[in-house]
Amino acid sequence: MFQNTIENDRTEYSINREIAGIEQKIQTIEQNIRKAFCTRHECKRLENEINNIKELIEINSTYSNPKTDDFLWID
1 MFQNTIENDR TEYSINREIA GIEQKIQTIE QNIRKAFCTR HECKRLENEI NNIKELIEIN
61 STYSNPKTDD FLWID
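So in the working numbering, spot 41 of the sequence shown is number 41, and the numbers just go up one at a time.
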């Protein structure tokens, strides 16, 4: 039981670090969109990509419960 708690804590920490890294990448992309002289099509494509990533983070955060083995992994 104790070993499972340690593994769950490590998994939760790992997921949180991965999410934080993805969120940082999103912020960088958003800043680049604001700075860039890009076409409307390219900006729209990047915005859609950001929204897709945010949706994956939300799904993972909603359905991942480190206290159980039910994880939705993002590959």
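Idealized CB from N, CA, C, for every residue including glycine.
Smallest Cα separation from residue i: which of the options?
i, options, result
"L46", "T28, E58 and A20", "T28"
"N51", "K35, R40, I22 and A36", "I22"
"I57", "R10, Q24 and D9", "Q24"
By Cβ distance below 8 Å, which residues in the same chain neighbour residue i in space, the five residues on each side in sequence not counted?
i, result
"I19", "I57, N60 and S61"
"K54", "I26"
Once the 5 residues before and after residue i are set aside, which same chain residues still bring their CB inside 7 Å of it?
i, result
"N16", "none"
"E42", "none"
Can you name, in chain order, every residue of its own chain whose Cβ lies under 6 Å from the Cβ of residue i, other than the five neighbours on each side?
i, result
"R10", "none"
"N32", "none"
May I have the straight-line CA-CA distance separating residue i from residue j, to the nearest angstrom?
i, j, result
"E30", "A36", "10 Å"
"K44", "S14", "31 Å"
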